[in-house]
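Protein chains in written order, with the numbering used here: chain S, 31 to 622; chain D, 348 to 944.
The beta-carbon is built from N, C-alpha and C at its ideal position, and this holds for glycine as well.
These notes concern the structure reproduced below.
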Amino acid sequence: METIKLTIDNRAVEVPRGTTINKAARLLGIEIPVLCYMELKDMNIENKPAGCRICVVEVDGRRNLAPSCATNCEEGMVVRTHTTRVLNARRTVMEFILSDHPKDCLICAKSGTCELQSMAHKLGIREIPGQEIAAMSTYRLDTSPSIIRDLDKCIMCRRCEMMCNEIQTVGALSAVNRGFMSAVAPAFEQNLEHSTCTYCGQCVAVCPTGALTEVDHTPDVLRALADPSKTVIVQTAPAVRAALGEEFGMEPGTLVTGKMVSALRSLGFDYVFDTDFAADLTIMEEGTELLDRLNRHLSGDKTARLPILTSCCPGWVNFFEYYFPDLKDVPSTAKSPQQMFGAIANTYFADKIGVNRKDLVVVSIMPCLAKKYECQRGEFSTDNNPDVDFSISTRELAAFIKQANIDLNNLEDDDFDSPLGESTGAGVIFGTTGGVIEAAVRTAYELQTGKKLERLDFNELRGLEGVREATIDFDGLPIRIGIAHGLGNARKLLDDVRSGKSQFHAIEVMACPGGCIGGGGQPLHHGNSEIIKARVAAIYAEDKKKPLRKSHENPFIIKLYEEFLGSPNSEKAHHLLHTHYFERKKKIVVKH
Amino acid sequence: MSQYRMQIMVCSGTGCSNLNSEAIFDNLQLEIEAFALENEIQVVRTGCFGLCGLGPVVRVMPGEVIYTRVTPDDAAEIVTEHVLKGRKVERLLHKDPVSRKILSTEPELSPFKKQLRIVLRNCGIIDPENIEEAIAANGYEALAKALTELTPDDAIKIIKDSGLRGRGGGGFPTGLKWEIARNNQAEEKYVVCNADEGDPGAFMDRSVLEGDPHAVLEAMAICGYCIGAGKGLIYIRAEYPLAVARLKTAISQAREYGLLGNNIMGTGFNFDIEIKYGAGAFVCGEETALIHSMEGLRGEPTVKPPFPAESGFRGKPTNVNNVETFACISPVILKGADWFRSIGTEKSKGTKVFALAGKINNVGLVEVPMGTTLREVIFEIGGGIRDGKKFKAAQTGGPSGGCLTEKHLDTPIDFDNLVAAGSMMGSGGLIVMDEDDCMVSVAKFFLEFTVEESCGKCSPCRIGNKRLHELLEHITKGKGTPADLDRLRNMSKVIKDTSLCGLGQSSPNPVLSTLDNFIEEYVSHVTVKKCPAGQCRDLMEYFIIEANCVGCTACARVCPVNAITGVRKEPHVINPEICIKCGACKEKCKFDAIIIH
Numbered sequence: 031m032e033t034i035k036l037t038i039d040n041r042a043v044e045v046p047r048g049t050t051i052n053k054a055a056r057l058l059g060i061e062i063p064v065l066c067y068m069e070l071k072d073m074n075i076e077n078k079p080a081g082c083r084i085c086v087v088e089v090d091g092r093r094n095l096a097p098s099c100a101t102n103c104e105e106g107m108v109v110r111t112h113t114t115r116v117l118n119a120r121r122t123v124m125e126f127i128l129s130d131h132p133k134d135c136l137i138c139a140k141s142g143t144c145e146l147q148s149m150a151h152k153l154g155i156r157e158i159p160g161q162e163i164a165a166m167s168t169y170r171l172d173t174s175p176s177i178i179r180d181l182d183k184c185i186m187c188r189r190c191e192m193m194c195n196e197i198q199t200v201g202a203l204s205a206v207n208r209g210f211m212s213a214v215a216p217a218f219e220q221n222l223e224h225s226t227c228t229y230c231g232q233c234v235a236v237c238p239t240g241a242l243t244e245v246d247h248t249p250d251v252l253r254a255l256a257d258p259s260k261t262v263i264v265q266t267a268p269a270v271r272a273a274l275g276e277e278f279g280m281e282p283g284t285l286v287t288g289k290m291v292s293a294l295r296s297l298g299f300d301y302v303f304d305t306d307f308a309a310d311l312t313i314m315e316e317g318t319e320l321l322d323r324l325n326r327h328l329s330g331d332k333t334a335r336l337p338i339l340t341s342c343c344p345g346w347v348n349f350f351e352y353y354f355p356d357l358k359d360v361p362s363t364a365k366s367p368q369q370m371f372g373a374i375a376n377t378y379f380a381d382k383i384g385v386n387r388k389d390l391v392v393v394s395i396m397p398c399l400a401k402k403y404e405c406q407r408g409e410f411s412t413d414n415n416p417d418v419d420f421s422i423s424t425r426e427l428a429a430f431i432k433q434a435n436i437d438l439n440n441l442e443d444d445d446f447d448s449p450l451g452e453s454t455g456a457g458v459i460f461g462t463t464g465g466v467i468e469a470a471v472r473t474a475y476e477l478q479t480g481k482k483l484e485r486l487d488f489n490e491l492r493g494l495e496g497v498r499e500a501t502i503d504f505d506g507l508p509i510r511i512g513i514a515h516g517l518g519n520a521r522k523l524l525d526d527v528r529s530g531k532s533q534f535h536a537i538e539v540m541a542c543p544g545g546c547i548g549g550g551g552q553p554l555h556h557g558n559s560e561i562i563k564a565r566v567a568a569i570y571a572e573d574k575k576k577p578l579r580k581s582h583e584n585p586f587i588i589k590l591y592e593e594f595l596g597s598p599n600s601e602k603a604h605h606l607l608h609t610h611y612f613e614r615k616k617k618i619v620v621k622h
Numbered sequence: 348m349s350q351y352r353m354q355i356m357v358c359s360g361t362g363c364s365n366l367n368s369e370a371i372f373d374n375l376q377l378e379i380e381a382f383a384l385e386n387e388i389q390v391v392r393t394g395c396f397g398l399c400g401l402g403p404v405v406r407v408m409p410g411e412v413i414y415t416r417v418t419p420d421d422a423a424e425i426v427t428e429h430v431l432k433g434r435k436v437e438r439l440l441h442k443d444p445v446s447r448k449i450l451s452t453e454p455e456l457s458p459f460k461k462q463l464r465i466v467l468r469n470c471g472i473i474d475p476e477n478i479e480e481a482i483a484a485n486g487y488e489a490l491a492k493a494l495t496e497l498t499p500d501d502a503i504k505i506i507k508d509s510g511l512r513g514r515g516g517g518g519f520p521t522g523l524k525w526e527i528a529r530n531n532q533a534e535e536k537y538v539v540c541n542a543d544e545g546d547p548g549a550f551m552d553r554s555v556l557e558g559d560p561h562a563v564l565e566a567m568a569i570c571g572y573c574i575g576a577g578k579g580l581i582y583i584r585a586e587y588p589l590a591v592a593r594l595k596t597a598i599s600q601a602r603e604y605g606l607l608g609n610n611i612m613g614t615g616f617n618f619d620i621e622i623k624y625g626a627g628a629f630v631c632g633e634e635t636a637l638i639h640s641m642e643g644l645r646g647e648p649t650v651k652p653p654f655p656a657e658s659g660f661r662g663k664p665t666n667v668n669n670v671e672t673f674a675c676i677s678p679v680i681l682k683g684a685d686w687f688r689s690i691g692t693e694k695s696k697g698t699k700v701f702a703l704a705g706k707i708n709n710v711g712l713v714e715v716p717m718g719t720t721l722r723e724v725i726f727e728i729g730g731g732i733r734d735g736k737k738f739k740a741a742q743t744g745g746p747s748g749g750c751l752t753e754k755h756l757d758t759p760i761d762f763d764n765l766v767a768a769g770s771m772m773g774s775g776g777l778i779v780m781d782e783d784d785c786m787v788s789v790a791k792f793f794l795e796f797t798v799e800e801s802c803g804k805c806s807p808c809r810i811g812n813k814r815l816h817e818l819l820e821h822i823t824k825g826k827g828t829p830a831d832l833d834r835l836r837n838m839s840k841v842i843k844d845t846s847l848c849g850l851g852q853s854s855p856n857p858v859l860s861t862l863d864n865f866i867e868e869y870v871s872h873v874t875v876k877k878c879p880a881g882q883c884r885d886l887m888e889y890f891i892i893e894a895n896c897v898g899c900t901a902c903a904r905v906c907p908v909n910a911i912t913g914v915r916k917e918p919h920v921i922n923p924e925i926c927i928k929c930g931a932c933k934e935k936c937k938f939d940a941i942i943i944h
């Protein structure tokens, strides 16, 4: 590889051609501060508009300062990162940014995790000259079912726009207006609710400030917990246990399943259950549907469409309802685990404990913001009583635990309640990209072939490649599987399905890069993809530890079918555990 | 083509058209027909003559007689007097504002003195809507020469040797730019003409496109031949409807004549041109922003490298030149590099077109050799300062340029001298200011424009310029402090030093150059709170001189806010707390009793 020699702050360094000054400096241990720049290494995600101008450096022979994030090293370059000129420029630019930013850090949802706040601290900003005569660019607050946009706090880093357009190809957000009033917003500055937003929450996951945050449902949960007439039960998604610890200072990838259960019990939930149980149930329904379509297809039934697409991700469901409504009979009709759980809790479980569904409050802890929207969808409620009442994110749960003076680090491990808390390893891996389809394979193989599956780790289905494909041998029958995470990658596979080119039997899609472990409701990664990788590893470790690793072996699932549902895809199962999709059109609402 | 004994040329540039030159043309035509002279006398619509402050303008050839401020009703007299009787219509001739001498012919008119027209060679002479006139004026001859006698490398060498530098503002050597684009191998390449002229008061490019569109089309084709591109794109602002219409006509005529399209002149060279419209954002004059706008994206600049020559329109190598640069190409190819090198200064060859505006007698468009001094442009060509006032400063380079002062009057104008003087060539706007202009307000005025036109991508330009403007506003209101001047300077330097594109890198120039050259005016605003030029309303105080006031009460009656009180026949007083400084009292007073502090 061709290399380049240069000096940074009088120290020589040799880097491959194409390396930016910022990365070269990092090799020397020089951390030139960056604000708008963000990279999720190995995940093909990079935001490099060179817009904030905080990372500027002095390059000998160059008239003006260079943005180190976007300037490539050149042979013989002499770079200085902390001259008076550089430091003064960096401070003045920071003062500019802060002069147009609200000063309500004390009560901001991002306080403590705000990158702008840390940068102001790092640069030692103590006053903002001219603030008394400085106008602020202000915008109206926009609240959607999942996401709140407070553009007064937008610093035009464009990360959200990059995620929404380049990674997710949703196109809900782009820069609007110009100059001082420019901001990132839906077209015509409509509300997010009227855009094609899928609520995947990836904009929130990367926002450095409090401009994009989730709708906080913890006050609703607190109210329900305080109401003695309510039985409040909680379900926790698989990805939550692999990330919650980060909010309490633990190493990324620390599993806190048992401590999380203890904390939830301390918070006052009457029953602490696991969404993993519903994930096992999803496999039963979705797996059976896959085999049914596959076998009909193989026997020449033209009405049986393949591939089948997974449907457990609500951001993904929103995406195809907007962009691929013509394919809405292709995805599985199985509800997401969150909603399957809600349906079973309000029927089977409510009957078991003799509580009317009106007095049963179902709370979900999710790594996801789209789940907030999903549980509010009309088809997921009975007589205006939703199957899942409130969905709160991993971040909200962490804040809730802290407010309740619970020290997660020092809690004893505890176990989920029965019966909706029992799960297999297959349910756990739902939290990461490739996990749903791996879980489905473990069950579908045995159901299809009638043979015992010896190998349980399908490494060919794992990894962080955006689009992956593998062929699994079902005892002589090759099953072709596609996997996409990130909606832009999903779009590639969907385009092939639409044009008839797709050769897959089944495709797994998760809206967020990395799957649920990288969800919009998770602790903020601040551009560190190692955190995401550590969470993935934690998920697979949990799977490995489980005595049972195939959904159809979950004794409580077997019991549920025996006692209540009959068999997978039975009429009752269809009524409770399956759904249908809608073609959605953008509503253009002229702003006032 | 038949021969005419006389031609009457009516300017149909945007300025004169807006003053109804179309009706003058129609009436002249009717009069000529009434006398059945249509076979002898030709009435022609041409592009801009450059005498925009004197429009509508009509030129009669032979004799080069220039009639100014012509109305449609004057058509009859021009025909009956000048055409039939051979007598000039005296009242329509231009009087020199200084000497009051009548200047009737083109060579006598001061705006034409010292001019050398290369870019504007055909403007005001040919009918821009008739390709045959362009061809008769050597149009497409350079293209023919390039295609039949020169290799692309030969042609690029001529351009390089000529020393031609980009006229859009940056002054990058044109030949070198072409060479880089040529050397970048790709199946598809593009030639882009930047006609997104956006400086307030500048209209050089528009005039070229309106007056001689073929000059640009031909040069683009030559460029396409040189760099290996088959497609040209003209990015023009949609607010230039006349230029757009003439370009469209010119493109379709050129296609019809086989000068654009496939197999041009039978040489096997294919080149065609498409028009792309801009929505009028100033920043889209920056080449990367321009390309993004053409791609249907937000008109925002991106970091260079990659330069357009490597990755431009749709990721393909793209050569972007400004209209005026293209207009220089054909003469250079035809007359050679040495001829072009003989004009101008050491590092700036050829001519430059300036749009003269502001407090100058001859407002309009002039083309002078590089190296002409500011004094020659303003006092000899421009006819000096209006109303005999004193020259104070000239802003070159548009809103992002700087102010030049008395001490710069004898500096030869070229790319490098202007930068050394704290300004820049820019696209060629030249706004002249006199003793009545407050330089703090001038800086504020230009900042207002850049604040409005910043795309918002980078923080120093988006927020910094706004803060600069606010501080200037603060100072002109008399609320500034001496420490604010240091802040102004620091903010300006940082914005220049850290902004992403040329807009932000130059937007503080008006502030810095006025701080450098007129610091005493700033100091006066922030210390004694006075505006030396008497422009800043908040710093004025209306005052009644007791001795002169007879107590007529006229001022008190006209005051809209009842700020003036007093007893009849006794001196009145103005309450400065209430006074809104509208000036009505001063205007009403017959005894010169009211003065402004």
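Query                                                                                                            : Result
Coil, strand or helix - residue 616/D by DSSP                                                                    : strand
Straight-line gap, residue 848/D to residue 161/S (C-alpha atoms, nearest Å)                                     : 26 Å
8 Å Cβ cut-off: residues of chain D touching residue 83/S                                                        : 805, 806, 807, 845, 846, 847
Integer Cβ distance of residue 895/D from residue 938/D, believed to fall under 8 Å                              : 5 Å
C-beta neighbour in chain S for residue 802/D, strict 8 Å                                                        : yes
Residues near residue 926/D in its chain [Cβ-Cβ closer than 6 Å; skip 5 each side]                               : 889, 910
Separation of residue 405/D from residue 357/D, as counted between CA atoms                                      : 5 Å
Given residue 461/D as reference, the closest of 403/D, 712/D, 549/D, 808/D once Cα atoms are compared           : 712/D
Endpoints, alpha helix (DSSP H) assigned at residue 394/S                                                        : Where residue 394/S is concerned, there is no enclosing alpha helix (DSSP H), although the beta strand (DSSP E) it sits in stretches over 390-396.
Endpoints, beta strand (DSSP E) assigned at residue 317/S                                                        : Premise fails: residue 317/S lies in the alpha helix (DSSP H), 305-328, not in any beta strand (DSSP E).
Residue environment, residue 800/D, which counts as buried when at least 16 other CB atoms sit within 10 Å       : buried
Cα-Cα separation between residue 516/D and residue 440/D, rounded to whole angstroms                             : 36 Å
Cβ-Cβ distance between residue 201/S and residue 239/S below 8 Å                                                 : no
Contact the stretch 621-634 of chain D vs the stretch 46-66 of chain S: 3+ CB pairs below 8 Å                    : no
8 Å Cβ cutoff, residue 766/D in contact with chain S                                                             : no
Sequence-distant residues of its chain with Cβ nearer than 7 Å to residue 475/S (five each side left out)        : 483, 504
Terminal residues of the alpha helix (DSSP H) in which residue 353/S lies                                        : 344-353
Sequence ranges, beta strand (DSSP E) only - wholly within the stretch 524-563 of chain D, length at least 3     : 537-542
Integer-rounded CB distance, given that residue 251/S should sit under 8 Å from residue 393/S                    : 5 Å
Reduced DSSP secondary structure (H/G/I, E/B, other) of residue 746/D                                            : helix
Contacting positions in the stretch 807-826 of chain D - beta carbon closer than 9 Å to chain S                  : 807, 808, 809, 810, 811, 812, 813, 814, 817, 818, 820, 821, 826
Cβ contact (3+ pairs, closer than 8 Å) linking the stretch 255-268 of chain S and the stretch 395-403 of chain S : yes
Rounded C-alpha distance that separates residue 673/D from residue 717/D                                         : 17 Å
Where residue 446/S falls: helix, strand or coil (DSSP)                                                          : coil
Residue nearest to residue 143/S in terms of C-alpha spacing, selected from 242/S, 575/S, 294/S, 199/S           : 242/S
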